[in-house]
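In what follows, a structure is listed as structure tokens, so that the remarks can point back to it.
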Amino acid sequence: MSQQALRSAPQPATDDREVDLLPTPVAADPGAFPSLTFLLEEVRSPGMVRADIDALISGLGRMPAPEEPLRERADLLLGLLDRNNPVGDYAGSGGMKVRHAAKEALIALGYPYAMELPPELLETPRVNGRGPGLSGGDIVLAVVSLLYQWGGLAAVWIFLEYSKMAEAGEVSVGIGAALGLSTGVSLLGHHQRSRDMQLVGSVVLWAAAVVWILIALPSALFTSGVALFLVPWHLALWTAWSLRPEEEPEKPPARLSPPPPSTP
Numbered sequence: 001m002s003q004q005a006l007r008s009a010p011q012p013a014t015d016d017r018e019v020d021l022l023p024t025p026v027a028a029d030p031g032a033f034p035s036l037t038f039l040l041e042e043v044r045s046p047g048m049v050r051a052d053i054d055a056l057i058s059g060l061g062r063m064p065a066p067e068e069p070l071r072e073r074a075d076l077l078l079g080l081l082d083r084n085n086p087v088g089d090y091a092g093s094g095g096m097k098v099r100h101a102a103k104e105a106l107i108a109l110g111y112p113y114a115m116e117l118p119p120e121l122l123e124t125p126r127v128n129g130r131g132p133g134l135s136g137g138d139i140v141l142a143v144v145s146l147l148y149q150w151g152g153l154a155a156v157w158i159f160l161e162y163s164k165m166a167e168a169g170e171v172s173v174g175i176g177a178a179l180g181l182s183t184g185v186s187l188l189g190h191h192q193r194s195r196d197m198q199l200v201g202s203v204v205l206w207a208a209a210v211v212w213i214l215i216a217l218p219s220a221l222f223t224s225g226v227a228l229f230l231v232p233w234h235l236a237l238w239t240a241w242s243l244r245p246e247e248e249p250e251k252p253p254a255r256l257s258p259p260p261p262s263t264p
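Sequential numbering of the sequence shown, starting at 1, is according to full-length UniProt numbering.
Written as structure tokens, this is what we have:
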């Protein structure tokens, strides 16, 4: 076959069905998400539930749609930041308040809207409870404290055995097991955001800190204060404070029932 025949040979036809199987890029649809005005009306409705608050907080975290007026969005956010607006005090299932989400959304709009942020909201208020989440430092502290306390229990075990106290080993092992279990429960509770597990673990951790303090104080009288540095009361106290339960999220207001129809 000549080269001219090869060049003139028709190309194989492409099956239209194969072309249809190729993925077609789809642009994100701004209208796929409800507007902030709609989400806010849902939260204000009498049948509001926790999921409506979560949806509003999630909507505040999204970037504005291209056709959404930024001035209108900023005015809505400023209304949520108003201290007299009760919606700003509503908290989602994760513990975040609507007011905090509105503050972050207003800052994300940039200049000049972020300049309208009220000055009293520039500083984060302190809370008595622990913040949500579990950091790596909390885990390291809990593990180091647990190992140190197990070492202290081993020293107590040896002392009780030397004093010929019956069942000293069983008591020490039982206390060590309870301490390790409570530490694990507390860590797991913070990881899974279970406040009940956090409370159970926190009670034992605080009790252990008190027991170590009661051991360290009289021991310091016989060791010229050396026991205050060796007895792990400081680590136990630090761990109990670090793994204290999170602040309980605020419950949404009770569902309002419609007023009874008036009779003529």
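A virtual CB, placed ideally from N, CA and C, is assigned to each residue, including glycine.
The Cβ atoms of Gln149 and Leu179 lie closer than 8 angstroms to each other. By the C-beta density criterion, Glu246 is buried, having at least 16 other C-beta atoms within 10 angstroms. Contact between Leu56 and Leu76 is ruled out by a C-beta separation of about 11 angstroms, above the 8 angstroms threshold. Rounded to the nearest whole angstrom, the C-alpha separation of Leu187 and Pro112 is 43 angstroms.
Under the three-state reduction of DSSP, Glu246 is assigned to strand. Between Gly92 and Ile139, the gap from beta carbon to beta carbon reaches 8 angstroms or more. Contact between His191 and Leu243 fails: their C-beta atoms lie close to 11 angstroms from each other, not under 8 angstroms.
Taking C-alpha positions only, His234 is separated from Arg99 by approximately 38 angstroms.
With fewer than 16 other beta carbons inside 10 angstroms of its own, Pro118 counts as exposed. It is roughly 39 angstroms from the alpha-carbon of Ser194 to the alpha-carbon of Phe159.
Per the C-alpha coordinates, the member of Ala208, Val211 and Ser182 positioned closest to Gly201 is Ser182. Secondary structure of Ala51 (DSSP, three-state): helix. In this structure, the beta-carbon distance from Leu141 to Ala105 does not fall below 8 angstroms.
Residue pairing by DSSP places Lys97 opposite Ala91 in a beta bridge.
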